[in-house]
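The block underneath contains the structure these notes are about, expressed in structure tokens.
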Amino acid sequence: MLIIWIGLGAVLLFAAQAWIYSHYWEKGLSAELLFSRESAVEGEECLLLERVENRKLLPLPMLKVKFQVSRNLRFSDEGDGAVTDKYYRNDILSLGPRQRVTRKIPFLCGARGYYRIRGLDLVAADLFLTREMIAEAEADTTLYVYPRPAAGVELDTALQKLNGEILAKRHMLEDPFEYRGIREYAAFDEMKTINWKATARMGELMVNMRNFTSLRAVRIFLNLEDSGILKNDRLVELCISIAVRFAGELLGQGIRVAVYANGRDVLTGEPMKMQPSAAPGHMESINRAFARLDLEKEVYPFSEVFERELEEEGKDIATLFLSVDRSAAFQELIRHFAGSGADFSWMCPLFPRMEGLVEDAEKLHFIRLNAEEMLNGK
């Protein structure tokens with residue numbers, strides 16, 4: 001008889017706990033995911049904070065926290081996760097009454113990008129681990145991973161030469177709003193340059209001498225098309241890294257920088273168009289725009305989206321093209337641009353075994369860079 005009562009009690013206990021857990025396991029339960037910072041650079045280590053809190057007296061002997069994120073974020077502790085097109089993580093923990101658990105999960109930022117975690121699943125079990133209950137929790141956290149600036153001996157030499165040419169031209173343009181003194185009138189001077197007060201004081205015609213100003217801007221154009229039979233995403237990404245390196249150096253010298261790229265923004269779907277600026281925070285804006293470029297989607301035709309910008313004239317603008325695309329159409333575009341007399345260079349990172357396939361390379365200001373050296377230096 002005792003055995004019957006024990007068995008009946010066990011059945012009632014099992015049924016009671018099953019009913020209690022099915023109705024109350026979610027009560028007072030919260031979970032959130034947060035990246036430890038808003039931005040990082042490719043190759044840096046970052047943390048994902050996982051916080052789970054049980055604010056009730058009912059314990060949770062087993063709770064699974066499931067979410068998915070890009071496989072470009074490489075977790076050192078993969079837990080019970082799986083990697084396919086995305087990384088699917090499954091963390092298992094146990095929560096007592098009124099307990100909070102915070103985990104710091106390290107990961108490596110494996111590639112440039114804009115990463116977002118939206119939502120997570122909570123899977124709990126009853127006291128005897130015989131039944132699972134599932135619920136969705138809200139989560140929304142984002143991380144910008146900026147491209148790592150490119151480095152390499154050959155690149156350093158090319159950028160130093162290009163930077164030197166730009167600096168040499170900084171003081172060749174007169175500023176109509178700033179004066180550095182007066183001098184006697186000459187036959188080639190315009191009437192509007194005459195300083196009448198100084199003329200009256202000196203008794204002869206005197207003219208203002210204008211000061212010189214720096215380059216109005218340096219424009220960086222990235223053609224992210226790859227018309228080759230075998231696509232090489234590493235070379236396209238390398239162009240972005242070179243652009244980041246050069247933009248940072250120019251802004252550090254107070255030179256205004258504009259950046260244009262024909263990739264699609266992952267948030268807006270628009271091409272990248274960063275207007276000339278040297279204001280504080282401009283490099284941050286450039287990095288964020290690069291992080292949001294989605295190269296898995298088809299890029300815009302280069303000549304079409306930047307037709308107006310390419311036709312802009314001005315001796316106070318220097319232009320850098322970055323493109324691994326060496327198609328006849330792109331070479332013709334560069335050839336046409338060269339005919340305008342504009343100051344420009346075309347940099348192209350290639351592996352040593354790859355052919356340049358560029359006619360009139362000198363006329364097109366073509367600079368071949370050793371991609372292998374830069375990639376191996378990362």
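Number 378 marks the last residue of the sequence shown (the UniProt record's numbering); no jumps. Positions of the beta carbon are idealized from the N, C-alpha and C atoms, including for glycine.
Beta bridge counterpart(s) of residue i as assigned by DSSP
i           : result
Val-259     : Ile-220 and Met-274
Gln-331     : Gln-331 is not bridged to any residue.
Gly-113     : Val-145
Arg-118     : Asp-140
Phe-75      : Phe-107
Met-133     : Ala-124
Met-206     : Glu-184
Arg-326     : DSSP output for Arg-326 lists no bridge partner at all.
Phe-366     : Trp-346
Ala-18      : In the DSSP output, where bridge partners are listed per residue, Ala-18 has none listed.
residue 384 : Given a span of 1 to 378 for the chain in the structure shown, any question on residue 384 remains unanswerable.
Ala-31      : Val-52
Ile-92      : Lys-64
DSSP-derived helix/strand/coil call for residue i
i       : result
Phe-67  : strand
Ser-39  : strand
Leu-173 : With a pLDDT of only 48 at Leu-173, under 50, the local geometry of the prediction cannot be trusted, and the value read off the model is given with reservation. Leu-173: strand per DSSP, three-state reduction.
Lys-56  : coil
Arg-100 : strand
Met-62  : strand
Lys-86  : strand
Thr-193 : helix
Glu-45  : strand
Val-358 : coil
Arg-292 : coil
Phe-337 : helix
Phe-321 : strand
Ser-227 : coil
Asp-156 : helix
Asp-233 : helix
Val-305 : helix
Glu-372 : helix
Glu-249 : helix
Val-244 : helix
Ala-198 : helix
Residue nearest to residue i in terms of C-alpha spacing, selected from the options
i       : options                               : result
Cys-109 : Glu-138, Val-69 and Ser-94            : Val-69
Phe-366 : Arg-353, Glu-372, Arg-335 and Met-354 : Arg-335
Asp-325 : Pro-301, Gln-253, Ser-340 and Ala-342 : Pro-301
Leu-93  : Ala-198, Asn-54, Leu-357 and Ala-279  : Asn-54
Lys-104 : Ala-16, Glu-45 and Glu-184            : Glu-45
Leu-364 : Met-354, Glu-355, Ala-371 and Cys-348 : Cys-348
Leu-63  : Gly-9, Arg-131, Ile-20 and Arg-71     : Arg-131
Leu-159 : Glu-204, Thr-319 and Ala-200          : Thr-319
Val-244 : Val-123, Pro-352 and Leu-155          : Leu-155
Pro-59  : Gln-99, Glu-270 and Asp-85            : Gln-99
Phe-67  : Leu-73, Tyr-87 and Phe-75             : Tyr-87
Asp-77  : Leu-47, Ser-227, Gly-341 and Ser-303  : Leu-47
Ala-371 : Leu-2, Leu-235 and Thr-157            : Leu-235
Glu-225 : Ser-22, Arg-183 and Gln-331           : Gln-331
Ser-227 : Met-191, Glu-298 and Glu-165          : Glu-298
Thr-268 : Ala-291, Gln-253 and Ile-255          : Ala-291
Glu-307 : Glu-296, Leu-333 and Ser-323          : Leu-333
Gln-253 : Phe-14, Ile-194 and Gly-164           : Gly-164
Close beta carbons around residue i, own chain, < 6 Å, minus the five adjacent residues each side
i       : result
Leu-57  : Pro-97
Ile-286 : Ala-247, Val-259 and Met-274
Phe-321 : Phe-221 and Trp-346
Ala-151 : Gly-377
Leu-143 : Phe-35 and Tyr-115
Phe-177 : With a pLDDT of 46 at Phe-177, under the threshold of 50, the modelled position of this residue cannot be trusted; read the value that follows with caution. Nothing listed; no residue qualifies.
Glu-26  : Ala-135
Asn-232 : none
Cys-239 : Leu-222 and Leu-322
Whole-number beta carbon distance between residue j and residue i, since they are thought to touch under 8 Å
i       : j       : result
Ala-31  : Ala-137 : 5 Å
Val-52  : Leu-95  : 7 Å
Val-305 : Asn-262 : 6 Å
Pro-147 : Glu-42  : 6 Å
Arg-219 : Ile-134 : About 53 Å; that fails the 8 Å criterion.
Ile-117 : Leu-33  : 5 Å
Leu-122 : Ala-139 : So it is not a contact: roughly 11 Å between Cβ atoms.
Pro-276 : Ala-329 : The pair is not a contact, with the Cβ atoms about 27 Å apart (cut-off 8 Å).
Tyr-185 : Leu-162 : Between Leu-162 and Tyr-185 the Cβ distance is about 40 Å, and since that is not below 8 Å, they are no contact.
Glu-373 : Val-153 : 7 Å
Residue i: CB within 8 Å of a non-hydrogen atom of the ligand ADP
i       : result
Arg-256 : For the structure depicted, the ligand ADP is absent and the ligand set is empty, with no information on it obtainable.
Residues of its chain near residue i, where Cβ-Cβ distance is below 7 Å and the 5 sequence neighbours each way are ignored
i       : result
Leu-251 : Val-257, Ala-278, His-282 and Met-283
Met-272 : Val-259, Tyr-260, Ala-261, Gly-263, Asp-265, Ala-289 and Leu-293
Trp-5   : none
Pro-149 : Ser-241, Val-244, Arg-245 and Gly-248
Residues near residue i in its chain [Cβ-Cβ closer than 8 Å; skip 5 each side]
i       : result
Gln-17  : Asp-126, Leu-127 and Phe-128
Glu-38  : Thr-142, Leu-143 and Tyr-144
Gly-356 : Arg-326, Cys-348, Leu-350, Phe-366 and Arg-368
Glu-359 : Gln-331
Leu-375 : Arg-234 and Leu-238
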